[in-house]
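**Student:** Have a look at the structure that comes next, please.
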Amino acid sequence: MSLEKNARILKITIPFDLETIKGKVLERSDDPLSVGSVIYKIKVTQSFIGSFNEKEIVELKTKADEAQCGVNLNLEGTQNIYLLTGGNSNGQLEIELCGWYEPWRDNTREKIRKALKKC
């Protein structure tokens, strides 16, 4: 992230685009290119912010455990649908423990509306 101060303007450059999606977790595997990281396959069911399309299968990269700020997503039953917010780095969603991720529930859509009104 770079900061550039010019008069009264503060410009923040973020190296990736923000994505907010509703998605279903399909599988989890170790990242062969990065020790200590895992990749989840996510089927996008709805895109709120960003460039991912519905029904698109995207990779979500995170650290393997919470001690490294990794996210542990459930693969079982009806609890495998999530609201996920993270960075889009070359078509791959990256998310950390500090990001916004939570199981999708009936009131999740209302939470999104409230959060977007604050922006």
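The numbering used here applies: residue 1 is where the sequence shown begins, and numbers increase by one. We treat Cβ as the ideally placed atom computed from N, Cα and C, and that holds for glycine.
(1) Mark Gly23 as exposed unless 16 or more other C-beta atoms lie within 10 angstroms of its C-beta, in which case mark it buried.
(2) Are Leu93 and Ile57 close, meaning C-beta to C-beta below 8 Å?
(3) If you reduce the DSSP assignment to three classes, tell me which class Arg28 lands in.
(4) Can you tell me the Cα-Cα spacing of Trp100 and Val25, whole angstroms?
(5) Judging by CA-CA distance, which residue of Ala64, Lys61, Trp104 is the nearest neighbour of Gly77?
(6) Measure the Cβ-Cβ separation of Glu102 and Val71 and say whether it is below 8 Å.
(7) Helix, strand or coil for Gly23, going by three-state DSSP, please let me know.
**Tutor:** In terms of the structure at hand:
(1) Flag for Gly23 reads buried.
(2) No; because the gap between Cβ atoms is not below 8 Å, this pair is not in contact.
(3) In this structure, Arg28 counts as strand in the three-state DSSP scheme.
(4) Each residue's Cα considered, the two are about 16 Å apart.
(5) For the residues Ala64, Lys61, Trp104, the minimum Cα distance to Gly77 belongs to Trp104.
(6) Taking 8 Å as the cut-off, the beta carbon of Glu102 is found no closer than this to the beta carbon of Val71.
(7) Of the three classes helix, strand and coil, the one that applies to Gly23 here is strand, per DSSP.
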